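Novice: Sequence lines, in order, name chains A, B, C and D.
Taking UniProt numbering as reference, the numbering of the first sequence is continuous, increasing by one, and the terminal residue is 374.
Taking UniProt numbering as reference, the numbering of the second sequence is continuous, increasing by one, and the terminal residue is 374.
Taking UniProt numbering as reference, the numbering of the third sequence is continuous, increasing by one, and the terminal residue is 374.
Taking UniProt numbering as reference, the numbering of the fourth sequence is continuous, increasing by one, and the terminal residue is 374.
Glycine residues also receive a C-beta, built at the ideal position from the N, C-alpha and C atoms.
Model, not experiment: these values are computed from the prediction.
Number of protein chains: 4
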Amino acid sequence: MAGTLADAPAPGPETVYDDEHPLWEKFRAAGLANWWLPARHGGPGVPLRVSVDLIAELSYHDPGFAFAAMLPILGSRMLEFYGTAEVADRYLGEMAKGGTFCAALGSEVVAGSELALTATTFRREGDHLVVDGEKAFSTNLAFGRFCLALARNAEDHRDFSVVLVPADTPGFEPGPRWLMSGLHGTGTYPATFTNCVVPAANELSGNGLRVLEVGLNGSRILMAAIAIGIARRARDLSMEYAGNKQLGGRPLTQNAVFAARMGQLEMELESLKSVCWRAADEYDALYAREDAAAAFHGQGVLKSAVMAKMHCGQTGWRIVSAVSEGFGGLGYTEAHPVQRLLRDMRHISLVEGGDDVLRELTYGRYVRHASRRG
Amino acid sequence: MAGTLADAPAPGPETVYDDEHPLWEKFRAAGLANWWLPARHGGPGVPLRVSVDLIAELSYHDPGFAFAAMLPILGSRMLEFYGTAEVADRYLGEMAKGGTFCAALGSEVVAGSELALTATTFRREGDHLVVDGEKAFSTNLAFGRFCLALARNAEDHRDFSVVLVPADTPGFEPGPRWLMSGLHGTGTYPATFTNCVVPAANELSGNGLRVLEVGLNGSRILMAAIAIGIARRARDLSMEYAGNKQLGGRPLTQNAVFAARMGQLEMELESLKSVCWRAADEYDALYAREDAAAAFHGQGVLKSAVMAKMHCGQTGWRIVSAVSEGFGGLGYTEAHPVQRLLRDMRHISLVEGGDDVLRELTYGRYVRHASRRG
Amino acid sequence: MAGTLADAPAPGPETVYDDEHPLWEKFRAAGLANWWLPARHGGPGVPLRVSVDLIAELSYHDPGFAFAAMLPILGSRMLEFYGTAEVADRYLGEMAKGGTFCAALGSEVVAGSELALTATTFRREGDHLVVDGEKAFSTNLAFGRFCLALARNAEDHRDFSVVLVPADTPGFEPGPRWLMSGLHGTGTYPATFTNCVVPAANELSGNGLRVLEVGLNGSRILMAAIAIGIARRARDLSMEYAGNKQLGGRPLTQNAVFAARMGQLEMELESLKSVCWRAADEYDALYAREDAAAAFHGQGVLKSAVMAKMHCGQTGWRIVSAVSEGFGGLGYTEAHPVQRLLRDMRHISLVEGGDDVLRELTYGRYVRHASRRG
Amino acid sequence: MAGTLADAPAPGPETVYDDEHPLWEKFRAAGLANWWLPARHGGPGVPLRVSVDLIAELSYHDPGFAFAAMLPILGSRMLEFYGTAEVADRYLGEMAKGGTFCAALGSEVVAGSELALTATTFRREGDHLVVDGEKAFSTNLAFGRFCLALARNAEDHRDFSVVLVPADTPGFEPGPRWLMSGLHGTGTYPATFTNCVVPAANELSGNGLRVLEVGLNGSRILMAAIAIGIARRARDLSMEYAGNKQLGGRPLTQNAVFAARMGQLEMELESLKSVCWRAADEYDALYAREDAAAAFHGQGVLKSAVMAKMHCGQTGWRIVSAVSEGFGGLGYTEAHPVQRLLRDMRHISLVEGGDDVLRELTYGRYVRHASRRG
């Protein structure tokens, strides 16, 4: 895979990594599509600890591909934990078999990060649920075979659920693709639900807000891991440039200031790995429990997952900020890939909870009460 | 002007701010083209202190336009100071009258920041000079009416001069435009000189390396001033977003964390103005002297100019890094201008001397010897 | 002076720079005591722009002395602007003649930075005022000849005044000296007022909160200027160490990483000067106006003064943080002065308004309303 | 222990944590002295992973005690790995039984971080070694029962060894204690060796420079872990202060800016734990190998150990820098412990290899050659 990705040109705005894209077809053929799906649903059951390294490798070559490829874990894990056996087996089975996508829908324009203000509603009508509303950002939505949407009970504003909506449900409409600053190749879309009728069994069990928190644990850790790959790329591009660049009559690789910057980068890069591996280990330990679904629901946001995303977003930004200055004038042109690293890295601190939101959450859940401090 | 720029869409990759672009035509019609040219050459003679504010205003709306519009000061001031009266009057007079561009050519691919390794040569043949070589980056080159190129004497590798080459000189060939990460609309190009014959009077007096340093003083201060405009834009976009965004049931403008970030930004923004104004005042004071050309040649790099560029590049980057996190998911899309601020701000630390080069220069000239410390 | 200070050992905890300290006696004999007092009160009338350079010089050698020497400007300028002619002339005249100290009392333990919660009260009784309450921190208080205390009207909690209390007023009692982390030699004390009776004419005119804001403008600019001196000292200590230290067989002064750090420091140091000079120039321009007292009262907090203190506190901290790593193991011992630079620099971001307070103030006064933005 | 430490006043300059100090006696009585010594030498054999948590707990209360208590691991592990069975058993056995100290001596004044310039020599004379020279900094030296000194062969300047010198060896002389900026209670001293004769068996096997690198792996990880304790203390002091402080009529614990700062601190604190735990796990895995001594000698500097020290020093400094601003004026007095956290934290980036040295080392060993990159 790595070779394939490395040889590919950077994806332009016309590229979408959907399940018909040649790169995805190779990925699927290699048995890698949806690699985390458990054996009982027909998947390879790769643990998160290994997934971190896989994502680091993919994002070294193409962060957009890495993002698109891992994001279905957000939806699928909610379904795996909180769907009925039948629904989970049907949809996850198809996903494992076909190497297809699913999507998740949390954020809305007005609610923003305040999910408790979610305006998308569901109402129970006999054996069915009816979903109405608008969502702002959902990656892989336009070609996902189903999506999992956070909605509030139209009759009880404190009651939230996550509802599975198949892509062919009448009234479900993905909007025009967002053009993103980085992560090129990733397809992200808004969506509207107009009187979408689905079976009642498509409602996941548990508090919808909590269910979404559980789903985000996996995708946040893997989003953090994208920083590892980008940072490695930043380092290797720097070394490659320095090997071919003379300064003061010697290769730049022998320059002390350059060496100091690379030594600092390496230390920061290792810290990315440390926090991701720790979060993944904690995730895998919880996942291995008999009562994993209940245990995750009890915890909601996994502290180490949020810490990993925040740390990697911030430290990753520091890394690419420093590196982006090291290529002279050429490094400001589109002829050189370094400025793209900035755009790709930027998403980590912005999506699936910006740092302001996560700092507040961290304080409320893990600092304020002395008994919960680490 | 401001209104015009504000209403204009962001320039796409096809836009070039040359002297036929409608925006430039309005700018010229307003009497603003090449505003720093002195009255004796037919220009408005606006001092640098005022130029800083003008650039801050232009770059608020369009940093690429601001960059393209101010960069001719680099070449024109070298010519004004070190050209013969006749040559200076001819070329600067046309430039003032026509609102046309000139370009400067310093950097080369191999030499990079080490201008003493410049490989472009000139040789004196009777009443003429012959210029040969390749240059890497020159803004406004493809439509500038003349350019000023740093070259080394083909017969004496320690002898450097800056030579004026008219755009229609046979053998002078701009290369394909560089696509830049930011500053869209600015046209930047490589160039080749093949046996370019120009009159001997086109050689500027003085050490070419020193002459170029003098030219850079003005453009570095104005490049620093671009950070002021981008930072103001970052602040105002933030305030606009916050005014329309609710958080916790109140406008974001009433949120304490947002307020703290904006208070910090304002302090940083004011520091940009302080360093630019001080540098401009020092420049203007030197420029007002009878012996300005000699005084500038004696100093070469103006300390405050380099300090301004470094400070604005670094602090400006801190400002846009912080602000770029404040717009939620929308702020990561191309539908929102905030990510463009990052790309535009980035150039300040990269071009006309990266910070590594300028730190070394600052140490060597202003720190190492106790008598020269501030 | 400089020589004297440089030769003196660092002050221990027993040193207090009061008006009987030998160093102060030399300072006074040199005509420098209270150098900002205007000619009409018998002072030298040195403008703030010059004061910045004087403080930078003093704090190079002894930041505690510089702090103690300049802080009376806070009280004296309130009196100069808002005292009756007779009271101002009497107390400022004595201060100019004798080279004595005055103190100001704003902060209280409970109110902290929220001056509107000030619990110290005054009540008007015929021709007198009676002051009661406790204040937390006041430099020079124990030996100041008079102090200026912010108090609230016992009968109207929205009415604040600044009241002059002579040091010999019965019921006025300085508390035990605070031992500070840095600024050694400075004497800072709490105080209690128990039924302190002073003439009614000792009440300064104007809103007490606003009057205090005006007084702080001068001391905040000079506190910012202390950072200049400490930063210069940090640089020179580094250069001295490097001149005597070999690394890789050459003096450390020839090391590229060291050079880069010093080049960066120099840029940051110049930015300290830029913001202080600009603030001082703005202060002096306002001070030169016929209606200076009214003009300052109209503005209250001078934006550039607050910006200078914030910038110098933050950038100064960055400077000494970096430098404090550059002396090997020796630099962690008390045998070397470098760790003291950290302690001295720290106060700038902490006293006379911490950065949290100033960020909020900046936002509220200078950012929130579009018409007031810079 | 924690209770005991928490109740103790901060150690003044007269305190030395030697083996007669009451706190040390309690520590020893609790079976904690030299906790890492292996069972075969009579010690408790606590792994490094547990040691990290122990150090974090100790340094929460008293970083100086934590430093003094863990530093003997540096010398003892060199002896354990590279001493003859008889010498190791004798000295480590006494150390385990008596709860006594040993010291290590690497740095010298002239050599500084360049250990290859070590000027202390040993020469082999029959069954003995003779050691001569001066060392700059050695913690616990004055009361350690033996020390391990890096020396160069007087007859071969490329041959380095580590030599065990018992404290009662004639000619061995600790110098006057260094007063340190932080880590109060720790006793650190220079030393001279004048014709010190020791048995030839006291020479450790292996390259002395490499042996010292191996010794430092353990102490660097535990030094990094000190940051965890200081950072926790910083957080808890902040929470305690905020619980008693009102701002805007509500406890500071409900303030959004405070919450954001604490959320950020918590994330940074967790990153300290992640890097320390990972380094400790890697250390323990290597230690568990049959061929541990050879395996460690083969690696020398453990990458994760150096990364942990660098990351914790830098991130720890960021944490205490931020926290030290959060206590108003009180926080600048010696009446409050917060400024001490700065002094204690500072040592992590300064001792056992400053960051400049470690960045260069990291680059040379782990970045420069593509095959060794992580």
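State yes or no: is the C-beta of residue 15 of chain B within less than 8 Å of the C-beta of residue 68 of chain B?
Specialist: Contact: no.
Novice: Locate the alpha helix (DSSP H) running through residue 195 of chain A, then write down its first and last residues.
Specialist: Looking at the DSSP string, residue 195 of chain A is not in any alpha helix (DSSP H); the run it does join, the beta strand (DSSP E), is 188-199.
Novice: Hey, could you find the ends of the alpha helix (DSSP H) residue 158 of chain C is sitting in?
Specialist: Counting along the chain, residue 158 of chain C falls outside any alpha helix (DSSP H), though it belongs to the beta strand (DSSP E) covering 156-166.
Novice: Select from C:44, C:304, C:344 the residue whose C-alpha is nearest the C-alpha of residue 273 of chain C.
Specialist: Closest option to residue 273 of chain C, Cα to Cα, is C:304.
Novice: Excluding the 5 residues preceding and the 5 following residue 178 of chain C in the sequence, name in chain order all residues of the same chain whose CB lies nearer than 8 Å to its CB.
Specialist: Within the same chain, residue 178 of chain C has close Cβ partners 137, 188, 189, 190.
Novice: Under three-state DSSP, which class holds residue 135 of chain C?
Specialist: Strand.
Novice: Which class does residue 118 of chain C belong to by DSSP, given the choice of helix, strand or coil?
Specialist: In the structure shown, residue 118 of chain C sits in coil (DSSP, three-state: anything other than H, G, I, E or B).
Novice: Could you tell me the alpha carbon to alpha carbon distance between residue 88 of chain D and residue 211 of chain D, rounded to whole angstroms?
Specialist: If you take the alpha carbons of residue 88 of chain D and residue 211 of chain D, they lie about 15 Å apart.
Novice: Residue 260 of chain B versus chain C: which residues are under 8 Å apart at the beta carbon?
Specialist: The contacting residues are 356, 359, 360, 363.
Novice: What number of angstroms, rounded off, separates the C-alpha of residue 175 of chain B from the C-alpha of residue 192 of chain B?
Specialist: Looking at the two C-alpha atoms, the distance is approximately 7 Å.
Novice: Taking DSSP as the reference, what is the three-state secondary structure of residue 100 of chain C?
Specialist: In this structure, residue 100 of chain C counts as coil in the three-state DSSP scheme.
Novice: If residue 301 of chain D and residue 196 of chain D are in contact, beta carbons under 8 Å, what's the gap, nearest whole angstrom?
Specialist: At roughly 28 Å, the Cβ-Cβ gap does not stay under 8 Å, so residue 301 of chain D and residue 196 of chain D are not in contact.
Novice: When you check each C-beta in the UniProt domain "Acyl-CoA oxidase/dehydrogenase middle" (106-196) of chain B against every C-beta of chain A, which residues fall closer than 9 Å?
Specialist: Against chain A - using a Cβ distance shorter than 9 Å - the residues of the UniProt domain "Acyl-CoA oxidase/dehydrogenase middle" (106-196) of chain B are 107, 109, 110, 112, 113, 114, 117, 136, 137, 178, 179, 180, 181, 182, 183, 188.
Novice: Under 8 Å, CB to CB, which of the residues in the region 331-348 of chain B have a partner in chain A?
Specialist: For the region 331-348 of chain B, which is checked against every Cβ of chain A, the residues closer than 8 Å are 331, 332, 333, 334, 335, 339, 342, 343, 346, 347.
Novice: Helix, strand or coil for residue 334 of chain C, going by three-state DSSP, please let me know.
Specialist: Coil at residue 334 of chain C, not helix or strand.
Novice: Taking 8 Å as the CB-CB limit, is residue 366 of chain D close to chain A?
Specialist: Chain A, which has a Cβ nearer than 8 Å to the Cβ of residue 366 of chain D, makes this yes.
Novice: So with Cβ pairs under 8 Å, would you call residue 257 of chain A a contact of chain C?
Specialist: Yes, contact with chain C.
Novice: Rounding to the nearest angstrom, what Cα-Cα distance links residue 128 of chain A and residue 254 of chain D in this structure?
Specialist: Residue 128 of chain A and residue 254 of chain D: Cα-Cα distance of roughly 43 Å.
Novice: Could you check what DSSP says for residue 153 of chain A in three-state terms: helix, strand or coil?
Specialist: Residue state, collapsed to three classes: strand.
Novice: Within 10 angstroms of its Cβ, does residue 184 of chain D collect 16 or more other Cβ (buried), or is it exposed?
Specialist: Buried.
Novice: Counting only C-beta atoms, is residue 311 of chain A closer than 8 Å to chain D at any point?
Specialist: So, interface residue.
Novice: Leaving out the 5 sequence neighbours to the left and right, which residues in its chain are closer than 7 Å to residue 46 of chain B when beta-carbon positions are compared?
Specialist: Excluding sequence neighbours, residue 46 of chain B sits near 35, 36.
Novice: Specify, as a first and last residue, the run of the beta strand (DSSP E) that residue 172 of chain A falls within.
Specialist: Residues 172-174.
Novice: Please state if the CB of residue 284 of chain A and the CB of residue 48 of chain A are separated by a distance shorter than 8 Å.
Specialist: A contact, by the Cβ cut-off of 8 Å.
Novice: When the Cα atoms are used, what is the spatial distance from residue 230 of chain B to residue 308 of chain D?
Specialist: When rounded, the distance between both Cα atoms is 38 Å.
Novice: Is there contact here, the region 154-166 of chain A with the region 204-222 of chain A, by at least three beta-carbon pairs under 8 Å?
Specialist: Yes: at least three Cβ pairs fall under 8 Å.
Novice: On a CA-only basis, which of A:123, A:256, A:84 is nearest residue 357 of chain D? Give me that one, please.
Specialist: Residue 357 of chain D has its Cα closest to that of A:256, out of A:123, A:256, A:84.
Novice: Cβ closer than 8 Å: which chain A residues qualify as neighbours of residue 86 of chain B?
Specialist: Ordered by position in chain A, no residue passes the 8 Å Cβ test against residue 86 of chain B, which lies about 34 Å from the chain.
Novice: Spell out whether any CB of chain C is found under 8 Å from the CB atom of residue 50 of chain B.
Specialist: Answer no: the Cβ-Cβ gap between residue 50 of chain B and chain C never drops below 8 Å.
Novice: Compute the Euclidean distance between the alpha carbons of residue 218 of chain A and residue 134 of chain C, then round it to the nearest angstrom.
Specialist: Distance between the alpha carbons of residue 218 of chain A and residue 134 of chain C is about 56 Å.
Novice: Please report how far the alpha carbon of residue 247 of chain A lies from the alpha carbon of residue 108 of chain B, in whole angstroms.
Specialist: Using only the alpha carbons, I get a separation of about 13 Å.
Novice: Considering only DSSP beta bridges, list what residue 251 of chain B is partnered with.
Specialist: In the DSSP output, where bridge partners are listed per residue, residue 251 of chain B has B:246.
Novice: How about residue 350 of chain D and residue 320 of chain D: are their beta carbons less than 8 Å apart?
Specialist: For residue 350 of chain D and residue 320 of chain D, no; Cβs fall outside 8 Å.
Novice: Residue 224 of chain C: which of C:117, C:367, C:51, C:29 sits nearest, CA to CA?
Specialist: Ranking C:117, C:367, C:51, C:29 by Cα distance to residue 224 of chain C puts C:51 first.
Novice: Please report the Cβ distance between residue 200 of chain A and residue 144 of chain A, rounded to the nearest whole angstrom; I am assuming they are in contact, meaning their Cβ atoms lie under 8 Å.
Specialist: That pair is no contact at about 22 Å.
Novice: Would residue 113 of chain B and residue 354 of chain B qualify as a contact pair, given that the criterion is a beta-carbon distance under 8 Å?
Specialist: Going by C-beta atoms, residue 113 of chain B is nearer than 8 Å to residue 354 of chain B.
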